[in-house]
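Residue numbers (our numbering): 954 to 1836.
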């Protein structure tokens, strides 16, 4: 085929187009590109062996569904030098064959796609390559013998953020022109051979962070790399270390701009606080020595020698003081999670007048927040949380620091009316004042600037009083509001804010639950422990994205609405301690992802739905995850040194770390559990206690294998304890007390090795208790009290007859118990009694003539009466038949 390209505009459902080896040779114009833009469903295009002009590539960018593009032997690409295909959503293996004819290609960027498989050895055919990036894909396998080492002209190699593994190939040292080497965030293992680094004499940037290397890397192997500017080593394990002091007295030939040795177990000899080679560095702009157990007073000479230093990360060490040497360029100072004591210096603006980010959280600081903090006009993020600070918050922090966006003062001893006085926060987006002793009313003005930016406000666990002002729910940017555990009251106001997280629990809010809130984006709604009345509003139907719903501990009434079963994403549903009545809706069984379901303390009646076995909880997430994911900031790609950009990244990453976590409480008999964070992603508990439920416990409950707590106590349940409960392998708390259960305690429950709380007291159970093995050996008499027919340890009552037998052996003996009846003896004694009674009666008649005469007359009267009754009945029946 040859000539002009075909007209395809009418083929709007076309998914695959194969033009390989055709001779279309004209350049696509704007109209042709518009034609292609109508092919919204196009997924695959084969242009191999065609002669289209290379501008066809920009034309193809309008295809949103394109997944496969074959450019093999694309003749017009033979002179191509730069090919940038990042952020396109490409998948599959790397198509090196498609680039085989690109002999002049110098830059190939396939980053931020979904390529998988290994790095193909055919890459060596691109011998002119100077920059190669496969970063942020899904590549796996090792890079040994894959042709990378044959790219002798390579200046930049970026394989970061993949799943590559194995050891580093020795041949990397044969790339003398390499300036940038980024292998971070992979799964490389083994020892880093120092000769590989020492031979890369042109190296300027190296990043081996977030791998699984082991052993010791002597930092002196970089000593002769005179062009080296950036070194990033952030370890993810405890078996890799960087040796900075050997050989003794070595002097580096490089002048670094960025040094990151986070969690590298840097060993410092006695008498030193930081690595000795740093005394020779004068161009440093960023230093990260966090998480290395460094201790002592931080030396001021490092700041004095590096006047361009703008970012200093020293978190997770044992420093007892912060650096105090004037540096007008300092933008970021992170001294969090150290052992700093004393007060925050009043003259801190004199040392760092242009600081943008100051993090002194999780130390042992005391005293007041200095008023001079208000003079830090460039401050964008301030975190003083988890210290021992007291006093009031200086007003200048809100009025003078106009660029402040992130403020965290949580977990201190601060007091005062911090939210009084019609505050107007111009740029503040995230405010965390929780866990202090703040008082007064909440007064935040409705200025245009405030409404535009404020997204998160956490004032939980304080002493605030009064009502929530109408302004707060009308901040259209507000997504998270947490006022838990204060003394707030009144009705919660309506508003236009699209909350995703609303926690107003443990206050004194009253009236009906507001039905006018915007619930479309709501994920966590916690209204528990207030004084709300009425029923669950119908507007809750709109909780399409809800994960947590807590309305427990209120005065709500009515029936539990069936539409709650339609909230398919719901993980936690807490309706405890209200006045709900009626039966448990079977529609709740549709909540297949629920982790906690608490209906306790109501007036629910009827039986337990058998369909509850459908509530299995989510199974797509790990049970325990880290709440704080790594260090609280993210590093930028190679050579992006902008301080303001790093502050932005730090702030947004800090939001991920500090993001308000969902916290709910779940109570079982003698066990109070507070689940917080990702533990709620697994089936944790069912609590139907303190209701009026009747009937037997469904066997189906034993199929909830992820269940960790089950409480059915204080109901009117009858029947046996289901044998299927032996399948609850992860159960930790089982409370069946105060019911009318009968039968024995199944010995199979001994297999529940995670069971720590067990209570079947105050029932009608009987028989021998399970052997005191495994967890059952830890349960006391209190677990069984109120069952007078139970016997055996740990009860004082001993089992008779068969007490020498184990529970299992008794079961094998026809389940015979001490209270069982011997039926042979029973029948024998009954027959003997009848014979004795009959013989005694005959003897009386024979020895007493008067009784004998009355007995015979009575028998005669009964016989005549029966005769005439029978005769009369037959005669009447005959007459009826003849009629």
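Ideal Cβ positions, reconstructed from N, Cα and C, are used throughout, including at glycine. None of the values given here were measured: they were computed from a predicted structure.
Quick check on the burial criterion: 16 or more other C-beta atoms within 10 angstroms. Buried or exposed for residue 1200? As a working note, residue 1200 is residue 247 in the chain shown. Exposed, because fewer than 16 other Cβ atoms sit within 10 Å of the Cβ of residue 1200.
Between the C-alpha atoms of residue 1489 and residue 1477, what's the straight-line distance to the nearest angstrom? Indexing the chain shown from 1 puts residue 1489 at position 536. Indexing the chain shown from 1 puts residue 1477 at position 524. The alpha-carbon of residue 1489 is positioned some 16 Å away from that of residue 1477.
Pull up the distance between the alpha-carbon of residue 1093 and that of residue 1131, whole angstroms please. Against the chain shown, residue 1093 aligns to sequence position 140. Against the chain shown, residue 1131 aligns to sequence position 178. Going by the C-alpha atoms only, they are around 23 Å apart.
Put residue 1186 into one of helix, strand or coil per three-state DSSP. Along the chain shown, read from residue 1 onward, the residue named residue 1186 stands at position 233. Three-state result, residue 1186: coil.
Thinking C-alpha only, which one of 1308, 1560, 1316, 1320 is nearest residue 1328? Taking the chain shown and counting its residues from 1, the one referred to as residue 1328 is at position 375. Looking only at 1308, 1560, 1316, 1320, the smallest Cα-Cα distance to residue 1328 is reached by 1308.
Have a look at residue 1380 and residue 1665 and give me their C-alpha separation to the nearest angstrom. The residue given as residue 1380 occupies position 427 in the chain shown. The residue given as residue 1665 occupies position 712 in the chain shown. Computed Cα separation, rounded: 51 Å.
Look at the Cβ atom of residue 1675, then the Cβ atom of residue 1655, and state whether they are nearer than 7 Å. Taking the first residue of the chain shown as 1, we reach residue 1675 at position 722. Taking the first residue of the chain shown as 1, we reach residue 1655 at position 702. Yes, Cβ-Cβ distance for residue 1675 and residue 1655 is below 7 Å.
Tell me whether residue 1076 sits in a helix, a strand or coil according to DSSP, three-state version. Taking the first residue of the chain shown as 1, we reach residue 1076 at position 123. Residue 1076 sits in a helix when the DSSP states are folded into three classes.
In the DSSP assignment, the alpha helix (DSSP H) including residue 1084 goes from what residue to what residue? Indexing the chain shown from 1 puts residue 1084 at position 131. It is not in any alpha helix (DSSP H) - residue 1084 instead sits in the beta strand (DSSP E) that spans 1084-1086.
Give the range of the alpha helix (DSSP H) segment to which residue 1148 is assigned. Within the chain shown, residue 1148 is the residue found at index 195, counting from 1. Residue 1148 -> alpha helix (DSSP H) spans 1147-1151.
For residue 1713 and residue 1044, I'd like the C-alpha separation in whole angstroms. Taking the first residue of the chain shown as position 1, residue 1713 is located at position 760. Taking the first residue of the chain shown as position 1, residue 1044 is located at position 91. About 57 Å.
Buried or exposed: residue 1793, going by 16 or more other Cβ atoms within 10 Å of its Cβ? Residue numbering aside, residue 1793 sits at position 840 when the chain shown is read from its first letter. With fewer than 16 other Cβ atoms within 10 Å, it is exposed.
Given this structure, state the Cα-to-Cα distance separating residue 970 from residue 1088, to the nearest angstrom. For the purposes of this step, residue 970 is identified with residue 17 of the chain shown, where counting begins at 1. For the purposes of this step, residue 1088 is identified with residue 135 of the chain shown, where counting begins at 1. Computed Cα separation, rounded: 29 Å.
Nearest by alpha-carbon distance to residue 1344: which of 1359, 1337, 1325, 1366 is it? For the purposes of this step, residue 1344 is taken as the residue at position 391 of the chain shown. Considering only 1359, 1337, 1325, 1366, the residue with the shortest C-alpha distance to residue 1344 is 1366.
Is it true that the CB of residue 1561 sits closer than 7 Å to the CB of residue 1544? As a first step, residue 1544 is located in the chain shown; it is residue number 591 there, counting from the start. As a first step, residue 1561 is located in the chain shown; it is residue number 608 there, counting from the start. No, these two residues do not count as a Cβ contact at 7 Å.
If contact is defined by three or more beta carbon pairs under 8 Å, each pair taking one atom from either stretch, is the region 1297-1312 in contact with the region 1275-1288? Yes: at least three Cβ pairs fall under 8 Å.
Does the distance from the CB of residue 1159 to the CB of residue 1134 come in under 7 Å? Numbered from its first residue, the chain shown carries residue 1159 at position 206. Numbered from its first residue, the chain shown carries residue 1134 at position 181. Taking 7 Å as the cut-off, the Cβ atoms of residue 1159 and residue 1134 count as close.
So residue 1198 and residue 1229 are supposed to be a Cβ contact under 8 Å. How far apart are they, rounded? Numbered from its first residue, the chain shown carries residue 1198 at position 245. Numbered from its first residue, the chain shown carries residue 1229 at position 276. The C-beta separation of residue 1198 from residue 1229 comes to about 6 Å, placing the pair in contact by the 8 Å criterion.
Can you say whether residue 1645 is buried or exposed, counting buried as having 16 or more other CB atoms within 10 angstroms of its CB? For the purposes of this step, residue 1645 is taken as residue 692 along the chain shown, with counting starting at 1. Per the 10 Å Cβ criterion, exposed.
Can you tell me whether residue 1103 is helix, strand or coil according to DSSP? If you number the chain shown from 1, residue 1103 lands on position 150. In the structure shown, residue 1103 adopts helical secondary structure according to DSSP, grouped into three states.
Helix, strand or coil at residue 1784 according to DSSP, with G and I counted as helix: Start at 1 with the first residue of the chain shown, and residue 1784 comes out as number 831. Here DSSP, grouped into helix, strand and coil, assigns residue 1784 to helix.
From residue 1332 to residue 1280, what does the alpha carbon distance come to, in whole angstroms? The residue labelled residue 1332 in the question sits at position 379 within the chain shown. The residue labelled residue 1280 in the question sits at position 327 within the chain shown. Those two C-alpha atoms are separated by around 15 Å.
Would you decide whether residue 1223 is buried or exposed? Buried here means 16 or more other CB atoms lie within 10 Å of its CB. For this step, residue 1223 is matched to residue 270 along the chain shown. Exposed: under 16 other Cβ atoms inside 10 Å.
Expressed to the nearest angstrom, what Euclidean distance is found between the alpha-carbon atoms of residue 955 and residue 998? Working through the chain shown from its first residue, we reach residue 955 at position 2. Working through the chain shown from its first residue, we reach residue 998 at position 45. Unreliable placement is indicated for residue 955, whose pLDDT of 46 sits below 50; the coordinate value is still reported in the next sentence. About 18 Å.
Considering residue 1203, what are the terminal residues of the beta strand (DSSP E) in which it resides? Walking along the chain shown from the start, residue 1203 turns up at place 250. Counting along the chain, residue 1203 sits inside no beta strand (DSSP E), nor does DSSP assign it H or E at all.
Could you tell me if residue 1299 is buried or exposed, where buried requires 16 or more neighbouring beta carbons within 10 angstroms of its beta carbon? The residue you call residue 1299 lines up with position 346 of the chain shown. Residue 1299 comes out exposed.
Enumerate, from N- to C-terminal direction, the unbroken alpha helix (DSSP H) stretches of 4 or more residues contained entirely within the region 1467-1499. Within the region 1467-1499, no run of alpha helix (DSSP H) at least 4 residues long lies entirely inside it.
When we look at the beta-carbon of residue 902 and count the other beta-carbons within 10 Å, is it buried (16 or more) or exposed? Outside the shown range of the chain, which is 954 to 1836, sits residue 902, and nothing can be said about it.
Contact check, residue 1164 vs residue 1186, beta carbons under 7 Å: For this step, residue 1164 is matched to residue 211 along the chain shown. For this step, residue 1186 is matched to residue 233 along the chain shown. In this structure, residue 1186 does not lie closer than 7 Å to residue 1164 by Cβ.
Which residue marks the beginning of the beta strand (DSSP E) containing residue 1046, and which one marks its end? Locating residue 1046 in the chain shown gives position 93, counting from the first residue. 1044-1046 is the span of the beta strand (DSSP E), which, as asked, contains residue 1046.
For residue 1494, does the count of other Cβ atoms within 10 angstroms reach 16, so buried, or fall short, so exposed? Residue numbering aside, residue 1494 sits at position 541 when the chain shown is read from its first letter. So residue 1494 ends up on the exposed side.
What does the Cβ neighbour count give for residue 1563, buried or exposed, with the cut at 16 atoms within 10 Å? Along the chain shown, one-based indexing puts residue 1563 at 610. With fewer than 16 other Cβ atoms within 10 Å, it is exposed.
CB of residue 899 within 7 Å of CB of residue 1207, strictly: The requested residue 899 does not occur in the structure, where the chain is confined to residues 954 to 1836.
Determine, using beta carbons only, whether residue 1342 and residue 1384 come nearer to each other than 7 Å. Within the chain shown, numbered from 1, the residue matching residue 1342 stands at position 389. Within the chain shown, numbered from 1, the residue matching residue 1384 stands at position 431. With respect to residue 1384, residue 1342 sits apart: the two C-beta atoms are not nearer than 7 Å.
Given a cut-off of 7 Å, decide if residue 1415 and residue 1439 are closer than it, judged by their beta-carbon atoms. If you number the chain shown from 1, residue 1439 lands on position 486. If you number the chain shown from 1, residue 1415 lands on position 462. Yes, these two residues count as a Cβ contact at 7 Å.
Answer with buried or exposed for residue 968, where buried requires no fewer than 16 other C-beta atoms within 10 angstroms of its C-beta. Counting from one through the chain shown, the residue named residue 968 turns up at place 15. It counts as exposed.
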